[in-house]
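Following: one structure in structure tokens, then a few remarks.
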Amino acid sequence: MAKNTEIELKLLLSREGLEKMLQLDFMQQAMRPDSYKKRRLVSTYYDTADMTLTQHGIAYRVRDKGDGSFEATVKTSRQSRDGLSERLELNLPLAEAKPELNGFAALGLGYELSELAPAGVRALFTVDVERITYILDYAGAVIELAIDKGAIHCGEKSDSIDEVEFELMSGTVDALLELKERIASQVELRAEERSKFARGLVLLQ
1 MAKNTEIELK LLLSREGLEK MLQLDFMQQA MRPDSYKKRR LVSTYYDTAD
51 MTLTQHGIAY RVRDKGDGSF EATVKTSRQS RDGLSERLEL NLPLAEAKPE
101 LNGFAALGLG YELSELAPAG VRALFTVDVE RITYILDYAG AVIELAIDKG
151 AIHCGEKSDS IDEVEFELMS GTVDALLELK ERIASQVELR AEERSKFARG
201 LVLLQ
């Protein structure tokens, strides 16, 4: 897996389906002991007044990670099929939850966001979720399971979030797809093609 490449599978399950999935024998065996974490993540997405970053296929957010730390993230536009997406992801540590447009060139973007947004950026919408995570060891791969529940807020509009993500930390995509198929054989689920950023853009309209 290439450095700075995010490969994840996003799924939608009912609450009952989620509980059933977590109790499946192969899921219980894959979960690392004591890997459970629960935290609140508050992410604000930014762009210029004329949406220059979005036009260049870039989603830019600043996140309060819920543990006293903050980071800015750039994600490129991606292709998604059956809930599986692959895209560039670059993370820049921050001292506070304020947008920083410089520093991504050295991380692999090839240029600074300030070149696209010389006049700065404005907040578009905020994603506020409670995230529960587990680390899974499955078929030679290391996979982070994230369960997100919360909402996207855009002015007076909002859209609820209730989704499950499997992110490939190391190993092969085949392991990720095999895990999905094993879950799907026992739990009703469907793929979520839309990113939180894409859903937020809908609220802006």
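Using UniProt numbering, the first residue of the sequence shown is number 1, and each one after it goes up by one. Even glycine gets a Cβ: it sits at the ideal position worked out from N, Cα and C.
CB residue i to CB residue j, shorter than 8 Å?
| i | j | result |
| --- | --- | --- |
| Glu-112 | Leu-94 | no |
| Val-129 | Gly-150 | yes |
| Gly-200 | Phe-125 | yes |
| Glu-181 | Glu-8 | no |
| Leu-41 | Asp-47 | no |
| Glu-188 | Gly-17 | yes |
| Ile-161 | Leu-203 | no |
| His-56 | Leu-116 | yes |
| Val-21 | Ile-132 | With the sequence shown as reference, residue 21 is identified as Met, and Val is not the correct amino acid for it. Cβ distance not < 8 Å, so Met-21 and Ile-132 don't count as in contact. |
| Glu-165 | Ser-80 | no |
Check each candidate in the options and name the one with the smallest Cα separation from residue i.
| i | options | result |
| --- | --- | --- |
| Thr-73 | Leu-179, Ala-105, Asp-67 | Ala-105 |
| Ser-114 | Tyr-60, Lys-10, Asp-82, Gln-186 | Tyr-60 |
| Phe-26 | Arg-194, Phe-197, Ala-198, Ser-185 | Ser-185 |
| Lys-65 | Asp-82, Arg-81, Ser-77, Ala-97 | Ala-97 |
| Leu-92 | Lys-75, Gly-83, Asp-82 | Lys-75 |
| Arg-32 | Gly-171, Ser-80, Leu-136 | Leu-136 |
| Met-169 | Glu-86, Asn-102, Val-127, Ile-183 | Glu-86 |
| Val-142 | Lys-157, Asp-148, Ala-175 | Ala-175 |
| Leu-145 | Lys-10, Pro-118, Thr-5 | Lys-10 |
| Tyr-138 | Lys-157, Ala-30, Thr-172 | Ala-30 |
| Lys-19 | Ser-43, Ser-35, Glu-163 | For clarity, residue 19 is Glu in the given sequence; the question names Lys instead. Among Ser-43, Ser-35, Glu-163, the Cα nearest to that of Glu-19 belongs to Glu-163. |
| Ala-49 | Pro-118, Lys-3, Leu-24 | Pro-118 |
| Ala-191 | Gly-83, Tyr-45, Met-51, Ser-35 | Gly-83 |
| Arg-63 | Arg-78, Met-51, Ser-77, Thr-44 | Thr-44 |
| Gln-28 | Leu-107, Tyr-134, Leu-12 | Tyr-134 |
Start and end of the beta strand (DSSP E) containing residue i?
| i | result |
| --- | --- |
| Glu-71 | 70-76 |
| Asp-64 | 58-64 |
| Ala-95 | Neither: Ala-95 is in no beta strand (DSSP E) and is coded neither H nor E. |
| Leu-189 | Premise fails: Leu-189 is in no beta strand (DSSP E) and is neither H nor E. |
| Asp-67 | Careful: Asp-67 lies outside any beta strand (DSSP E) and carries neither H nor E. |
| Glu-163 | 157-170 |
In three-state DSSP terms, what is residue i?
| i | result |
| --- | --- |
| Gly-150 | strand |
| Arg-199 | helix |
| Ser-80 | strand |
| Ala-105 | helix |
| Thr-52 | helix |
| Leu-13 | coil |
| Ser-35 | coil |
| Glu-112 | coil |
| Glu-144 | strand |
| Glu-89 | strand |
| Glu-19 | helix |
Which stretch, first to last residue, makes up the alpha helix (DSSP H) that contains residue i?
| i | result |
| --- | --- |
| Asp-174 | 173-184 |
| Met-27 | 25-30 |
Strictly by DSSP, which residues pair up with residue i?
| i | result |
| --- | --- |
| Ala-119 | Per DSSP, none; premise fails for Ala-119. |
| Val-129 | Leu-41, Gly-150 |
| Leu-136 | Met-31, Ile-143 |
| Glu-6 | Arg-87 |
Hey, does residue i have any beta-carbon neighbour from chain D nearer than 8 Å?
| i | result |
| --- | --- |
| Glu-16 | Within the model displayed, chain D is absent; a lone protein chain is all it includes. |
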